[in-house]
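Colleague: Every position in the sequence shown, counted from 1, becomes a number in the working numbering once 1103 is added. Virtual Cβ for every residue (Gly too), placed ideally from N, Cα, C. Once you've had a glance at the structure underneath, I'll fire off some questions.
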Amino acid sequence: MKFKIKNSKIYKMILPFVLFFTLFIIVFSLYGFWSATHPPKYKTNLTPQDFEWSFQAINLTTIDNIRLSAWFVPAEKNSDKTIILLHGYPFDKANILGWASFLHDDFNLLFFDFRYFGDSEGSMTTVGYHEQKDLASALDYLEKRSLPAGGQGFDRIGIMGFSLGGAVAIMTAAKDTRINAVVSDSAYANLDLVINEYYQNLFVFKYPLSSLTKIWAKIFVGVYPSEISPQASAKNLQIPILIIHSKKDQVIPFENATRIKDSLKNNPRAEFLFQEEGVHGGLPEKLRQEYQEKVLKFLNKNI
């Protein structure tokens, strides 16, 4: 009887700590999911006019009826080739104007804000899942737009995306035949890996936190993060694709690029530019020229 009483006392002492720990994990993981899908919106105070480009401000409408803010920038020289530019998380279309400026001479450029970001509608970001619908709406728009030399419908289309944008480009290109070529810069390989990385410094807490965050994604987005996978999509790609990544990227580690590269082993048209220096979204001047020359050569050859 004394043994049972002693155990009962221990149980009563431990129970509050167990309940507190459980509640902490649930609340903290839900907060992690909410903050990832509702990050602060960073708006860049630039337009194509700041680059002395003519442009048209337009709206795109997605299949799930979300309005996206976009800019169509005609090429400096008349062209029937168009590049759709995809920004990173949690930024906007204006953030990549300078990044893409070297393309303006040869290509029409179409920039848009992913849902939730910039001036677009949307109650949350899904960090790559529903954003594929956003890219599809840009392709729909180009199908209907008049060509500079007459006629209707651009069909020489490339996608160039950075980080989140690169991931969306790969996943969409694997199932949309309207895309002729992809340049993916610093993309994640699998959203599951990104979540694991997010919690990696929380020691033993990282396991229940990452697992619960993935469950919240299934509940609120409709898919597990492991299903949001450029790495898996890349296995189905046979179009030209250029994968770019810095070996020193500390936001999306270089391992992501090697995983995508492995998935492209049966694609003879896949190319790679892995640079020894640079950070996520930034290159030293000495490597920028190599970067731009490689991208221009790739796009001119494949679109």
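Determine the direct distance from the alpha carbon of Gln1303 to that of Leu1188, and round the result to whole angstroms.
Modeller: 31 Å
Colleague: Secondary structure at Val1286, three-state DSSP: helix, strand or coil?
Modeller: strand
Colleague: Rank Leu1399, Lys1317, Tyr1244 and Pro1251 by C-alpha distance to the C-alpha of Trp1174 and give the top, closest one.
Modeller: Tyr1244
Colleague: Please name the residue, chosen from Asn1339, Phe1377 and Asp1183, that lies closest to Ala1252 on a Cα-to-Cα basis.
Modeller: Asp1183
Colleague: Write down every uninterrupted run of the alpha helix (DSSP H) in the region 1172-1211 whose length is 4 residues or greater and which is fully enclosed by it, in chain order.
Modeller: 1200-1203
Colleague: When you compare only the Cα positions, how much space is there between His1190 and Ser1249?
Modeller: 25 Å
Colleague: Quick check on DSSP: helix, strand or coil for Asn1162?
Modeller: strand
Colleague: If you drop the 5 nearest sequence neighbours on each side, which residues of the same chain put their C-beta closer than 7 Å to that of Val1354?
Modeller: His1383
Colleague: Is it buried or exposed, Met1104, if we count other Cβ atoms within 10 angstroms and call 16 or more buried?
Modeller: Annotation note: pLDDT 48 at Met1104 (below 50); position unreliable, no value reported.
Colleague: Quick one: any contact between the region 1162-1179 and the region 1212-1222, if contact means 3 or more CB pairs under 8 Å?
Modeller: yes
Colleague: Starting from Gln1051 and walking both ways along the beta strand (DSSP E), at which residues does that stretch end?
Modeller: No answer is possible for residue 1051: the residues shown for the chain start at 1104 and end at 1406.
Colleague: Give a yes or no on whether the minimum CB-CB distance between His1190 and chain B is below 8 Å.
Modeller: The displayed structure is made up of one protein chain only, and chain B is not part of it.
Colleague: For Asp1209 versus Asn1405, is the C-beta spacing smaller than 8 Å?
Modeller: Cβ distance not < 8 Å, so Asp1209 and Asn1405 don't count as in contact.
Colleague: Out of curiosity, what's the CA-to-CA distance linking Gly1231 and Ala1270?
Modeller: 7 Å
Colleague: Are Ile1344 and Ala1292 close, meaning C-beta to C-beta below 8 Å?
Modeller: no
Colleague: Pick out whichever of Glu1388, Phe1357, Gly1385 and Lys1389 has its Cα sitting closest to the Cα of Phe1375.
Modeller: Phe1357
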